[in-house]
Amino acid sequence: MNVRGFDHVAIPIEQVDAMLAFYAALGFRVEDHGPRYCSVHFGANKINMHAPALWKSGEFDLRGPTATPGCGDFCFVWEGTVASIEATLAGLSVPIVRGPVRLTGAAGEGTSVYVRDPDGNLLEFIVYGED
782 MNVRGFDHVA
792 IPIEQVDAML
802 AFYAALGFRV
812 EDHGPRYCSV
822 HFGANKINMH
832 APALWKSGEF
842 DLRGPTATPG
852 CGDFCFVWEG
862 TVASIEATLA
872 GLSVPIVRGP
882 VRLTGAAGEG
892 TSVYVRDPDG
902 NLLEFIVYGE
912 D
């Protein structure tokens, strides 16, 4: 197979400042590219975030036709313990909507917690190798 991974994914967002602050607080590297889009980086991965000035403009058609803010569902691998992600989220006053729960991810068995970002996207943080 010639596909070796994702370069980036993209989502429309509504609350630009709140989204950037949220992801920065979680340790993502944030890049603000002006009024039309921004991005958050983690490891070798990136999420492009299309601001309302872009996705509401009518001239931008390189997107999912039904994508709206809050449509994302992402699973991030957390390098640490389940207790450390719980503590990080509690310190940021981010409520856990489900978990910890054991499940199978791309790398096998893990333990996940689920939260929502300011636009309502579902975020899963999975920890591998902790029994």
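Just so we're aligned, residue 782 is where the sequence shown starts under our numbering, counting upward by one. Don't be surprised by glycine CBs; every beta carbon is placed ideally from N, CA and C. Bear in mind the structure is a predicted one, so any value in this text is a computation, not a measurement.
Item to complete: Please specify which runs of the alpha helix (DSSP H), each continuous and at least 4 residues long, are wholly inside the region 821-863, giving them in chain order.
Response: 833-836
Discussion item. Just to confirm, is the Cβ distance from Phe809 to His822 under 8 Å?
Written reply: The count along the sequence shown starts at 1 and reaches residue 809 at position 28. The count along the sequence shown starts at 1 and reaches residue 822 at position 41. Yes, Cβ-Cβ distance for Phe809 and His822 is below 8 Å.
Worksheet item: Smallest Cα separation from Val790: which of Asp813, Glu812, Gln796 and His831?
Response: By one-based count along the sequence shown, residue 790 stands at place 9. Answer by Cα proximity: His831.
Item to complete: Reducing DSSP to helix, strand and coil, say where Ser865 ends up.
Response: The residue given as residue 865 occupies position 84 in the sequence shown. Note: Ser865 maps to helix in three-state DSSP.
Worksheet entry | Environment of Ser915 [buried if 16+ CB atoms lie within 10 Å] | Coverage of the chain is limited to positions 782 through 912, which leaves residue 915 absent and any answer about it impossible.
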